[in-house]
Amino acid sequence: MSARTQEVPRNEQEFLDYVQAGGQVETSDWMPDEYRARLVKFIEMHGNSELMGVLPEREWILRAPTLQRKLALTAKVQDEVGHAQLIYRVVEDLGKPREDCLADLISGKSKFHNVFHYPTRTWGDVGVIAWLVDAAAIISQKALLKCSYAPYARIMKKICWEESFHILHGRDVVLTMMNGTDGQRELVQEALDRWWGPLMQFHGNPIAAEQDPTLTWRIKSQPNDDARQQFLDGYVPQIRELGLTIPDPELRKDEETGRWHYTEPDWDELKTVVTGHGPMTEERLGFRRATREETGWVRDVVLADAA
Amino acid sequence: VSHVYEVFRQERKGQPFQHAGSVFAPDPAFADVYAREQYGRRGESAALWIVPRDAIVEIGEFVDELERNYHRVDGYPLKAKLKEARERAGTA
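Those protein sequence lines, which keep their order, are chains U and R.
Under the working numbering, the first residue of the first sequence is numbered 1, with each subsequent residue one higher.
Under the working numbering, the first residue of the second sequence is numbered 308, with each subsequent residue one higher.
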């Protein structure tokens with residue numbers, strides 16, 4: 001264990017200076033109420049997203065084209081649920097019990113990521129989700145490795161490691177289809193057309209760094225638009241080299257500034273979707289509600305036996 | 308009532324155990340299952356230690372009132388003395 005060189009300060013301004021200078025905070029340290037509340041909200045939404053994020057893929061487990069794909073998809077779903085458990089554990093230590101997180105999720109009080117509110121129409125969607133949604137997510141998650149709240153940063157290390165082979169799984173699905181029939185290539189293109197909008201909204205609307213409290217407290221370390229630029233830098237060439245067309249005529253890189261130009265994402269859609277009005281929001285939350293009721297007896301038995 | 312168990316994992320035999328995270332479990336048997344599932348499923352660990360959080364004693368302060376630098380490396384700044392000794396011996 002490395003020696004603590006500096007004590008975590010016990011007043012708000014000094015605490016802020018400390019985390020902004022790169023200082024890290026542990027569960028047992030003093031922290032301002034606002035910092036704790038921001039952490040809970042941010043990390044809880046991440047946990048919710050992992051838990052809800054398996055539902056679009058779950059729908060395809062029984063319809064996977066081969067046994068190998070069925071196993072891979074099942075394993076991925078299992079991983080993501082595992083991430084939700086790890087992340088809710090961090091929230092619990094910050095003072096909000098998992099039961100409360102789940103209750104707020106299924107009542108619609110708390111949020112989850114925009115991309116998990118949409119339907120998974122074809123196997124093409126499964127490939128595009130596993131490849132590009134996971135790619136977008138890993139960019140955000142890597143930026144959390146430097147989070148000022150150390151227990152969250154440590155958990156992120158394991159999560160990023162698992163996400164990295166989810167991306168490979170998704171890319172493999174897409175490549176296989178692109179090397180297949182015209183019909184298969186069409187499925188991928190149609191899925192890309194459907195997902196491009198939500199993908200561009202994924203990292204959130206550009207907020208000036210000084211107005212983003214999660215950056216101020218150094219919960220995350222990357223402004224929204226930087227994450228989006230990094231996504232475009234990494235994945236536009238990989239998408240185009242397969243002969244796929246990105247459905248945005250404005251998309252191009254400005255060689256002078258190194259920044260991508262793109263059609264302004266539909267921020268109204270993002271807001272509508274994440275506030276619980278997406279095309280699949282009700283159905284998926286309904287599924288969570290039903291599962292929660294159906295499995296209640298298991299929790300009762302386990303907790304009663306252990307008591 | 309469930310308890311928190313801290314999980315430490317060893318990546319390969321011979322390496323130190325490092326804190327990996329924690330699990331929330333109703334009893335040690337469940338803690339075992341959850342820890343295996345979360346931290347050992349992919350063969351990423353050679354071994355795990357599962358410890359009830361309550362059993363951990365944390366010491367976070369190391370006060371050195373007497374400034375006992377004689378038992379630390381920084382208690383022996385030799386550079387200036389060595390320079391002087393070399394000059395005296397004519398080997399500088």
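Ideal placement from N, C-alpha and C gives every residue a C-beta, glycine not left out.
Mapping DSSP to helix, strand and coil, what is residue i?
i                 : result
Ile-246 (chain U) : coil
Arg-316 (chain R) : strand
Gly-127 (chain U) : helix
Ala-21 (chain U)  : coil
Arg-218 (chain U) : coil
Gly-328 (chain R) : strand
Trp-60 (chain U)  : coil
Met-135 (chain U) : The sequence given here has Ala at residue 135 (chain U), not Met. Helix.
Lys-342 (chain U) : Residue 342 (chain U) lies beyond the residue range present for chain U, which begins at 1 and ends at 307; the question has no answer from this structure.
Glu-391 (chain R) : helix
Ala-354 (chain R) : strand
Trp-30 (chain U)  : coil
Pro-151 (chain U) : helix
Lys-253 (chain U) : strand
His-46 (chain U)  : helix
Val-370 (chain R) : coil
Val-40 (chain U)  : helix
Val-188 (chain U) : helix
His-261 (chain U) : strand
Pro-384 (chain R) : coil
Trp-198 (chain U) : Checking the displayed sequence, the identity of residue 198 (chain U) turns out to be Pro instead of Trp. Note: Pro-198 (chain U) maps to helix in three-state DSSP.
His-310 (chain R) : strand
Pro-213 (chain U) : helix
Pro-359 (chain R) : strand
Gly-53 (chain U)  : helix
Ser-164 (chain U) : helix
Pro-237 (chain U) : helix
Leu-270 (chain U) : helix
Ser-2 (chain U)   : Residue placement at Ser-2 (chain U) is poorly supported in this model, since its pLDDT is 39, which falls under 50; the coordinates are not used for a value here.
His-117 (chain U) : helix
Phe-112 (chain U) : coil
Lys-76 (chain U)  : helix
Gln-85 (chain U)  : helix
Classify residue i: buried if its beta carbon has 16 or more other beta carbons within 10 angstroms, exposed otherwise.
i                 : result
Thr-122 (chain U) : buried
Lys-158 (chain U) : buried
Arg-4 (chain U)   : With a pLDDT of 46 at Arg-4 (chain U), under the threshold of 50, the modelled position of that residue is not reliable, and no figure is offered here.
His-277 (chain U) : exposed
Trp-30 (chain U)  : exposed
Glu-92 (chain U)  : buried
Gly-328 (chain R) : buried
Asp-134 (chain U) : buried
Ser-49 (chain U)  : buried
Tyr-152 (chain U) : buried
Ile-239 (chain U) : buried
Ile-366 (chain R) : exposed
His-83 (chain U)  : buried
Val-330 (chain R) : buried
Ile-43 (chain U)  : buried
Gln-68 (chain U)  : exposed
Trp-196 (chain U) : buried
On a Cα-Cα basis, can you pick out the residue from the options that is closest to residue i?
i                 : options                                    : result
Tyr-118 (chain U) : U:Gly-296, U:Glu-264, U:Gln-201            : U:Gln-201
Thr-176 (chain U) : U:Ala-135, U:Pro-65, U:Gln-20, U:Ala-103   : U:Pro-65
Met-280 (chain U) : U:Tyr-18, U:His-113, U:Glu-99              : U:His-113
Trp-217 (chain U) : U:Val-133, U:Tyr-235, U:Gln-24             : U:Gln-24
Tyr-88 (chain U)  : U:Ser-107, U:Met-45, U:Phe-116             : U:Met-45
Val-311 (chain R) : R:Gly-382, R:Arg-360, R:Arg-395, R:Gly-397 : R:Arg-360
Glu-283 (chain U) : U:Pro-56, U:Lys-253, U:Leu-16              : U:Pro-56
Lys-320 (chain R) : R:Gly-350, R:Pro-333, R:Phe-331, R:Ala-342 : R:Gly-350
Arg-154 (chain U) : U:Arg-292, U:Glu-294, U:Trp-297, U:Leu-86  : U:Leu-86
Leu-199 (chain U) : U:His-166, U:His-169, U:Ser-140            : U:Ser-140
Thr-214 (chain U) : U:Leu-71, U:Lys-41, U:Pro-265, U:Trp-195   : U:Lys-41
Val-188 (chain U) : U:Leu-67, U:Leu-244, U:Lys-253, U:Leu-251  : U:Leu-244
Arg-98 (chain U)  : U:Ala-209, U:Leu-51, U:Phe-116             : U:Leu-51
Lys-109 (chain U) : U:Thr-295, U:Arg-299, U:Val-274            : U:Val-274
Excluding the five sequence neighbours on either side, which residues of its own chain have a C-beta within less than 7 Å of the C-beta of residue i, listed in chain order?
i                 : result
Val-54 (chain U)  : Val-77, Glu-80, Val-81
Trp-60 (chain U)  : Leu-73, Thr-120, Trp-123, Val-126
Ser-352 (chain R) : Arg-316, Gln-317, Glu-318, Tyr-346
Gly-47 (chain U)  : Ala-84, Ile-87, Tyr-88, Val-91, Cys-101
For residue i, which residues in the same chain have their Cβ closer than 6 Å to its Cβ, ignoring the five residues on either side in sequence?
i                 : result
Glu-12 (chain U)  : Pro-32
Ala-143 (chain U) : Lys-220, Ser-221, Gln-222
Ala-191 (chain U) : Gly-124, Asp-125, Val-128
Leu-242 (chain U) : Met-178
Find the residues of chain A that neighbour residue i, judging by a C-beta separation of less than 7 Å, and give them in chain order.
i                 : result
Ile-155 (chain U) : In the structure shown, chain A does not exist; the protein chains are U and R.
Spatial neighbours of residue i within its chain, please: CB distance less than 8 Å, with the 5 preceding and 5 following residues excluded, ordered by chain position.
i                 : result
Arg-58 (chain U)  : Val-77
Leu-251 (chain U) : Leu-232, Val-236, Trp-260, His-261, Tyr-262, Thr-263
Output needed in chain order: residues of the stretch 362 to 384 of chain R with a Cβ under 9 Å from some Cβ in chain U.
Glu-365, Gly-367, Glu-368, Phe-369
Output needed in chain order: residues of the stretch 327 to 361 of chain R with a Cβ under 9 Å from some Cβ in chain U.
Ala-327, Gly-328, Ser-329, Val-330, Phe-331, Ala-332, Pro-333, Asp-334, Ala-336, Phe-337, Tyr-341, Glu-344, Gln-345, Tyr-346, Arg-348, Arg-349, Glu-351
Got a sec: which bits of the stretch 84 to 114 of chain U sit with their beta carbon under 9 Å from any beta carbon on chain R, in order along the chain?
Gln-85, Leu-86, Tyr-88, Arg-89, Val-90, Glu-92, Asp-93, Arg-98
If you measure beta-carbon to beta-carbon, which residues of the stretch 38 to 54 of chain U are closer than 9 Å to chain R?
none
Give the residues from the stretch 14 to 29 of chain U that approach chain R closer than 8 Å (Cβ to any Cβ), ordered along the chain.
Ser-28
What residues in the stretch 70 to 83 of chain U have a beta carbon less than 7 Å from any beta carbon of chain R?
Gly-82
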